[in-house]
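Residue numbers (our numbering): 1270 to 1907. Report on one structure; see the data block that follows.
What follows is the structure, given as structure tokens:
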């Protein structure tokens, strides 16, 4: 949307992108926390970074997503220091930046000597590590900048000196560029931009332009097409390298296109250029941003890209830098491993805050799109990708490259996807089954709630005030597994802090002596046992905690006890994508529950499953094993 000053190599602009996905110039790592170990063994992990030199911009585009951030100027020397320090730290922790790109703000507002220093650092990095980058299977790309081209002539000699790859942001048709992309004083930039486009056409190194398309462009699509031909044929600027982006703002005159309007725009461009010398460019480059090859379609872009600002702050991307909810940390204040590990966590947390359209769960293309850019969906208050129908049109025009999933494939894919991005949608509807149970069970006085209300001990046993868990700062007052109408599911890993709260009077309930807190962990891998031959969750461990172990810490009527070590101790028993069910009660209350089973058939049948307070969790001990999880899911469908 607005031009920026950043670097992609894994570090550019005053921002840095870190990446892991091979198809995006990144590498997946199966062990996020293995940096130090890998360093000791002399191995490295390759990443792509973008450096945002600063947020300041010399233009004032009406639809820029950075807003007032483009007014802020910074210390030029600080940018140089941040780039060098970050590179040094990444290398020290075993991360090898292999793709450097500069973004912003507008990077060309920096003085020539500052750009020279930044490019020299990046060039030196490639000179030292280019062979290692190639050995890892990556192409050593040229240094790259994103620019609005206003200062292209001013810095052209510097660009040529370092053979910089140029990506210029220009609005088409050019008359809309004149309207919306003006300088800070509101003056036209068009004449200067056209002059620099002519210079860019003869620039001897990699170059391309990109364009943002809001609603007004659809009304002028013929002029849009004409200006592509003008740039390609008259200015001799090779338009085979051209990227179209769609705006998602709501500024008057530049509102985002609807789904249908985006497809209409696409079809008009298609009709104009199929059968021409630019046909292949249209099919492979112009709408590439809306394919799985770009970050917008990633399941979790926090696994791939990091953007570094001049003050050391690390954000998700140029879009995300405008929101503190997309900040991962600071290279001067936080450990590199912590920042990288926080990337996927931030995106996953933000994804789970959003609502997901039910249509996405029925879509045969969900594996290509993943509901689109998290930031855009949040900013535009959407429940699916803002380019949903356009993406489907692209897939359908390329069926060999993007074959739709079968229903079976889609169902198998959806489960692990929801485990990460929308846990609250993870549900299944089962068909009704015949039952042969006495009608007395359905009398009000025999309902479970009535039985509990009539029994003082049961009322305490089922109380939601007996236990709480505080997981990484979030407190859950635990409810009975069979009474609650919704389930809390946490994502835990080796860094999680898990504090158990136990109401202080619990040891006196149904017992006067020799009582203790009883913890049970079950895993959702069915086993068959008992006279009924019922399928039940596999029992993993029991743990007992006596009062004397709890009384050391007490607050607001609750004893507190850190059970993080207990949970971590059994990590090898947790399976990828499989729920673990953590139950809490006491020795006495557990015994009372089973005694009630013997005495009351109505209670027995309604409390046949464990009724105790619980919390479910998924263990995340590293990169998610989708292949294994999919196998489990497919097996459960058969």
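Just so it is clear, CB atoms sit at the ideal spot from N, CA and C, and this is done for glycine as well.
task = Using the Cα positions of residue 1549 and residue 1793, report the straight-line distance between them to the nearest angstrom.
result = So the alpha carbons of these two residues sit roughly 50 Å apart.
Q: Check whether the stretch 1818–1826 touches the stretch 1757–1766, taking contact to mean three or more Cβ pairs, one atom from each stretch, closer than 8 Å.
A: No: fewer than three Cβ pairs fall under 8 Å.
For this session: Use the C-beta contact count for residue 1566: other C-beta atoms within 10 angstroms, 16 or more gives buried, fewer gives exposed.
Result: Buried, by the Cβ-count rule.
- Query: So, helix, strand or coil for residue 1805, using DSSP?
  - Reply: DSSP places residue 1805 in the strand class (E or B) of the three-state scheme.
Start-end ranges of the alpha helix (DSSP H) lying completely within the stretch 1601–1669, minimum 4 residues
As for any alpha helix (DSSP H) of minimum length 4 sitting wholly inside the stretch 1601–1669, the runs are 1605–1622, 1627–1630, 1635–1638, 1643–1648 and 1657–1666, ordered along the chain.
_residue 1767 and residue 1855 - do their beta-carbons sit closer together than 8 Å?_
No; because the gap between Cβ atoms is not below 8 Å, this pair is not in contact.
Taking residue 1878 and residue 1706 to be in contact with their CB atoms under 8 Å, please state how far apart those CB atoms are, rounded to whole angstroms.
The C-beta distance from residue 1878 to residue 1706 rounds to 16 Å, too long to meet the 8 Å contact threshold.
Suppose contacts are defined by Cβ-Cβ distances below 8 Å. Is residue 1690 in contact with residue 1620 by that definition? In this structure, residue 1690 sits near residue 1620, with a CB-CB distance shorter than 8 Å.
message = Taking the alpha helix (DSSP H) that residue 1717 belongs to, which residues open and close that run?
response = 1717–1722 is the extent of the alpha helix (DSSP H) around residue 1717.
Tell me which residues share the same chain as residue 1889 and place their Cβ nearer than 8 Å to its Cβ, disregarding the 5 neighbours each side in the sequence.
Within the same chain, residue 1889 has close Cβ partners 1760, 1761 and 1762.
Practice task
Verify whether the separation of the beta carbon atoms of residue 1656 and residue 1531 is less than 8 Å.
Solution key: With contacts defined as CB atoms closer than 8 Å, residue 1656 and residue 1531 qualify as a contacting pair.
* Runs of alpha helix (DSSP H) lying entirely within the stretch 1359–1444, each at least 4 residues, in chain order -> Qualifying alpha helix (DSSP H) stretches, in chain order: 1381–1404 and 1421–1431.
Notebook entry, point to check: Can you tell me the Cα-Cα spacing of residue 1642 and residue 1754, whole angstroms?
Noted result: Distance between the alpha carbons of residue 1642 and residue 1754: 31 Å.
*Counterpart residues of residue 1885 in DSSP-defined beta bridges*: Its beta-bridge partners are 1758 and 1850.
**OP:** Starting from residue 1480, follow its DSSP beta bridges and name the residues at the other end.
**Re:** DSSP output for residue 1480 lists 1513 as bridge partner(s).
*Host beta strand (DSSP E) of residue 1795 (start-end)*: 1785–1798 is the span of the beta strand (DSSP E), which, as asked, contains residue 1795.
| query | Does the Cβ of residue 1881 have 16 or more other Cβ atoms within 10 Å, making it buried, or fewer, making it exposed? | reply | Looking at its Cβ environment, which holds 16 or more other Cβ atoms inside 10 Å, residue 1881 is buried.
Between which residues of its own chain and residue 1866 is the CB-CB distance below 6 Å, once the five residues before and five after are set aside? Closer than 6 Å at the Cβ level, and outside the excluded window around residue 1866, lie 1873.
- If you compare alpha carbons, which of 1397, 1463, 1454 and 1886 is closest to residue 1421? Among 1397, 1463, 1454 and 1886, the Cα nearest to that of residue 1421 is on 1463.
Checking 8 Å against the spacing of the C-beta atoms, do residue 1848 and residue 1887 come in under that value?
Closer than 8 Å, so yes.
**Item:** Beta-bridge partners of residue 1768, as assigned by DSSP
**Value:** DSSP output for residue 1768 lists 1739 and 1831 as bridge partner(s).
6 Å Cβ shell around residue 1660 - same chain, five flanking residues per side excluded: If you ignore the 5 residues before and after residue 1660, its C-beta comes within less than 6 Å of the C-beta of 1559 and 1638, all in its own chain and listed in chain order.
Q.
What residue range does the beta strand (DSSP E) around residue 1575 cover?
A. Looking at the DSSP string, the run of the beta strand (DSSP E) that includes residue 1575 is 1575–1578.
Are the beta-carbon atoms of residue 1534 and residue 1490 separated by less than 8 Å? Taking 8 Å as the cut-off, the Cβ atoms of residue 1534 and residue 1490 count as close.
- Message: One question on the structure: do residue 1442 and residue 1496 come within less than 8 Å of each other, judged by their Cβ atoms?
- Response: A contact, by the Cβ cut-off of 8 Å.
Item checked: Beta-bridge partners of residue 1744, as assigned by DSSP -> DSSP lists 1739 as partners of residue 1744.
| message | According to DSSP, is residue 1571 part of a helix, a strand, or is it coil? | response | In this structure, DSSP gives residue 1571 a helical state, which the three-state scheme calls helix.
At the level of alpha carbons, what is the spacing between residue 1461 and residue 1455? Rounded to whole angstroms, residue 1461 to residue 1455 spans 14 Å at the Cα level.
Checklist line | Exposure label - residue 1573; buried when at least 16 CB within 10 Å | finding: Flag for residue 1573 reads buried.
Item to check | Reduced DSSP secondary structure (H/G/I, E/B, other) of residue 1563 | outcome: For residue 1563, the three-state secondary structure derived from DSSP is coil.
Please list the terminal residues of the continuous beta strand (DSSP E) segment that includes residue 1507.
Taken as a continuous stretch (DSSP letters only), residue 1507 belongs to no beta strand (DSSP E), as it is neither H nor E.
Buried or exposed: which applies to residue 1670, given that a residue is buried once 16 or more other Cβ atoms fall within 10 Å of its Cβ? Under this definition residue 1670 is an exposed residue.
Query - Identity of the residue in 1510, 1428, 1516 and 1453 nearest residue 1473 by Cα - result: Among 1510, 1428, 1516 and 1453, the Cα nearest to that of residue 1473 is on 1428.
- prompt: Assuming residue 1477 and residue 1512 make a contact with CB atoms under 8 Å, what is their CB distance in whole Å?
  reply: About 7 Å separates the beta carbons of residue 1477 and residue 1512, which is inside the 8 Å limit, making them a contact pair.
Please list the terminal residues of the continuous alpha helix (DSSP H) segment that includes residue 1861.
Element bounds for residue 1861: 1856–1868.
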